[in-house]
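Quick notes on the structure that follows.
Protein chains: 2
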Amino acid sequence: MKVSLECVECLLIRGVAGIKRATDNNEVRFRAVSKLLELLAREFSPEAVPARLGTLRERLIKEVTGNPDPYFSDKKRSNALGKRLASQVEEVVRQEDSVEKRFALACRAAVLGNLIEFDIPGHDFSLEKLEHMLRNTKLSIDDSERILRAIGPGAKVLYVTDNAGEIAFDKILVGVLEELGAKVAVAVRGGPVLNDATLEDALEVGMDEVATEVITTGCDAVGVDFELVSKEFLDKYLGSDLIVAKGMGNYETLSEERMGKPVAYLLVAKCGPVARHIGVERGSAVVKLVE
Amino acid sequence: MKVSLECVECLLIRGVAGIKRATDNNEVRFRAVSKLLELLAREFSPEAVPARLGTLRERLIKEVTGNPDPYFSDKKRSNALGKRLASQVEEVVRQEDSVEKRFALACRAAVLGNLIEFDIPGHDFSLEKLEHMLRNTKLSIDDSERILRAIGPGAKVLYVTDNAGEIAFDKILVGVLEELGAKVAVAVRGGPVLNDATLEDALEVGMDEVATEVITTGCDAVGVDFELVSKEFLDKYLGSDLIVAKGMGNYETLSEERMGKPVAYLLVAKCGPVARHIGVERGSAVVKLVE
């Protein structure tokens, strides 16, 4: 998808927030903001892909501030909370008496992981509330049955993750996919970008215990940017039967170019432009298969 | 006052809103956003004055979109509502039995005018609610008694207005100032900028019926920018005994340079940077004399 006019506000606001996280030096902050404005002036056009601009922005922030991973501590905090909540959610999923039901609920769990903001403290996450959210969060689009039918035994699935914290919830769905007989390669980002999960986060939540393999995109891009991914990732992508793509960044990029592969998007449409592009209300939870 | 880092977000958001108001042409909108980003990249620095950046931004929007007055209809709507509400407020002020009490209440009315967003429909403004707001809106700083003492008979007061709509409330205070024996020159903006009141708006609310004279700043700047005002305005400013300055734009500029004149600021500190500069909480109503 391409940017809407309003994306420029979000691109700047998230940039300023990232710059503040990256450095306490006010002079450097102003310099980084100025460089970011220059970047946006150059790159913001009706043909731009928002996630691509996000990648350029995050690279600029890391370079100007000299901080290689501004969201490091957010990711740690998110993983800790994510693991704690996911272990409860997994118990609920395990209580279902068929793998088909476990799959449907695990899809909801993965979307729920995209909904929860793990890096914001003070949420109430009692087991009752979690189970209620898991069972009652309305899916505005629910293609989970079609996705289930697309997964035969031995199916090669590439599961592209989104954020740290959330990745603990992804592990539940990856486990059920493996249980269904699929061979799941989980792909995290190849380098720090925003609070997106990297290899460190995948290992922290034990993703390697359930997935057939854990790989990376080979780059620090938001989403799946085929101009930046590694040869290894591209080969894995092209050799897969189904792509599972979590979150908005993966949607923004893969909706532009998915190399003819079927993609199952699992996300919450947190902003107007993504929601409009999918055709749902802002804030909608979506399990959408594009074949 | 100078910008804070966070001002860049507001400068862009208000710019995008103005660009949307100014033109329906999406291509022109993107071009204007890009030019605005360039402008901010060039001008946004710790030494910049936010209102000055606002002036440059509004000039750019008018130029790129070819719309000389993007807020024209907002101003008309605001004046219509402002006049209706101000006539009720004026009756409440008139019921006070001394000119001193009328002055104190008229100061509050002027601040209330700065608080109300006249261009946003759907507010409830019953007479009861208006009178309640007038009497109970807390002033975090209230120098109205000191201001009263500064106004002798024949005192020359320059009253610099802020927005359309609000100007109908200013008229009440201007009337009481004249009643106190002051000679009030009311200065509106010399050309369209944001929803700030211009000569047309002053005449629309009948300001010329109560003020000794109505003049303009001679320019389309936000606030009082001594590099841009006309000779006529500057002379009037320098020949005045007291400046009354409404709203944040006038505060942002005059707090940088007030040419040694005593200034009475009447405003609501609607944003963090202005509130911090004054030393009050965000959202505070203020009647502040700086001598």
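Residue numbers (my numbering), protein chains in the order written: chain P, 290 to 580; chain V, 290 to 580.
We put the CB at the ideal spot given by N, CA and C, even for glycine.
Closest residue to residue i among the options (Cα-Cα distance)
i, options, result
"Pro335/V", "Arg391/P, Arg318/P, Glu347/P, Pro335/P", "Arg318/P"
"Ala476/V", "Pro442/V, Ser529/V, Gly443/V, Leu469/V", "Ser529/V"
"Asn314/P", "Arg346/P, Thr354/P, Ala337/P, Ala330/P", "Thr354/P"
"Leu301/V", "Ala369/V, Pro339/V, Thr312/V, Gly454/V", "Pro339/V"
"Ala534/V", "Glu546/V, Phe458/V, Cys296/V, Leu447/V", "Leu447/V"
"Leu531/V", "Lys472/V, Ile567/V, Glu516/V", "Lys472/V"
"Val482/V", "Gly304/V, Lys525/V, Val297/V", "Gly304/V"
"Leu325/P", "Leu342/P, Thr426/P, Arg310/P, Asp408/P", "Leu342/P"
"Ala579/V", "Val381/V, Val378/V, Tyr554/V", "Reading off the sequence, residue 579/V comes out as Val, not Ala. The shortest C-alpha separation from Val579/V is found at Tyr554/V."
"Leu401/P", "Gly371/P, Gly512/P, Val388/P", "Gly371/P"
"Ile440/P", "Phe458/P, Arg478/P, Val388/P", "Val388/P"
"Gly307/P", "Ser323/P, Glu327/P, Glu347/P", "Glu347/P"
"Met422/V", "Thr487/V, Ala375/V, Tyr526/V", "Ala375/V"
"Arg435/V", "Gly512/V, Tyr526/V, Ala393/V", "Ala393/V"
"Arg478/P", "Ala311/P, Asp497/P, Ala500/P, Asp514/P", "Asp514/P"
"Leu517/P", "Tyr526/P, Gly507/P, Asp524/P", "Gly507/P"
"Glu379/V", "Arg424/V, Asp413/V, Ile567/V", "Arg424/V"
"Thr426/V", "Leu404/V, Glu493/V, Ala510/V", "Leu404/V"
"Val511/P", "Met537/P, Arg320/P, Phe414/P, Leu488/P", "Met537/P"
"Val298/V", "Ser293/P, Ser323/P, Glu316/P", "According to the sequence as given, residue 298/V is Glu; it is not Val. Nearest C-alpha to Glu298/V: Ser323/P."
Cβ shell of residue i (< 7 Å), same chain only, five flanking positions each side left out
i, result
"Ile430/V", "Val569, Val575, Val576, Lys577"
"Asn484/V", "Tyr360, Asp363, Lys364, Ser367, Asp408, Asn452, Ala453"
"Tyr540/V", "Ala534, Tyr554, Leu556, Val563"
"Pro357/V", "Lys351, Pro481"
"Arg331/P", "none"
"Val499/P", "Lys460, Val463, Gly464, Glu467"
"Leu345/V", "Leu328, Glu332"
"Glu521/P", "Ile504, Gly507"
"Leu527/P", "Met548"
"Lys291/P", "Pro335, Glu336, Ala337, Val338"
"Glu493/P", "Asn368"
"Ala321/V", "Ile308, Ile350, Val353, Thr354"
"Asp296/V", "Residue 296/V is actually Cys in this sequence, not Asp. Cβ within range, chain order: Pro339, Pro562."
Cutoff 8 Å; reference residue i; Cβ partners in own chain excluding five residues on either side
i, result
"Ala564/P", "Ala558, Glu570, Arg571, Gly572, Ser573"
"Glu501/V", "First, the amino acid is wrong: residue 501/V is Thr here, not Glu. Glu467, Lys472, Val473, Ala474, listed in sequence order."
"Leu437/V", "Glu389, Phe392, Ala393, Leu469"
"Leu523/P", "Phe515"
DSSP beta-bridge partners of residue i
i, result
"Asp431/P", "Val576/P"
"Tyr257/P", "For chain P, the structure presents residues 290 to 580; residue 257/P sits outside this window and is missing."
"Asn452/P", "Asp485/P"
"Arg478/P", "Thr487/P"
"Lys445/P", "Lys472/P"
"Glu502/P", "Ala474/P"
Own chain partners of residue i with C-beta closer than 6 Å, once the 5 adjacent residues on each side are dropped
i, result
"Arg391/P", "Val382, Glu385, Val465"
"Glu545/P", "Val338"
"Val311/V", "Per the sequence shown, residue 311/V should be read as Ala rather than Val. Excluding positions up to five away in sequence, the list reads Ile350, Thr354, Asn356, Pro359."
"Val503/P", "Val475, Ala491, Met496, Asp497"
"Thr450/V", "Ile456, Asp459, Val477, Ala486, Lys535"
"Ala444/V", "Ala471, Asp530"
"Leu543/V", "Val513, Ala534, Val552"
"Pro442/P", "Gly470"
"Phe414/P", "Leu374"
"Ser519/P", "Gly507"
- Query: Any residues in the region 321-350 of chain V with a beta carbon nearer than 7 Å to a beta carbon of chain P? Which ones, in chain order?
  - Reply: Val322, Ser323, Leu326, Glu327, Leu329, Ala330, Phe333, Ser334, Pro335
- Segment contact flag, the region 457-470 of chain V with the region 539-553 of chain V, C-beta cutoff 8 Å, min 3 pairs: no
- Determine which residues of the region 538-560 of chain P have a Cβ less than 8 Å from any Cβ of chain V, and write them out in chain order. none
- Assess, as a yes-or-no matter, whether the region 415-435 of chain V is touched by the region 387-401 of chain V under the definition of 3 or more beta carbon pairs within less than 8 Å. yes
- Item | Cβ-based contacts, 8 Å cut-off: residues of the region 309-321 of chain P near chain V | Lys309, Asn315, Glu316, Arg318, Phe319
- Query: Between the region 419-449 of chain V and chain P, which residues of the former have CB atoms less than 8 Å from a CB of the latter, in chain order?
  - Reply: none
- Query: At a Cβ cut of 8 Å, what residues of the region 290-302 of chain V count as close to chain P, listed as they run along the chain?
  - Reply: Leu294, Glu295, Val297, Glu298, Leu301, Ile302
- Task: Below 7 Å between beta carbons is the criterion; list the residues of the region 362-386 of chain P that meet it against any residue of chain V, in chain order.
- Result: none
- Message: Give me the subset of the region 507-539 of chain V whose CB atoms are less than 7 Å from a CB atom of chain P, sorted by chain position.
- Response: none
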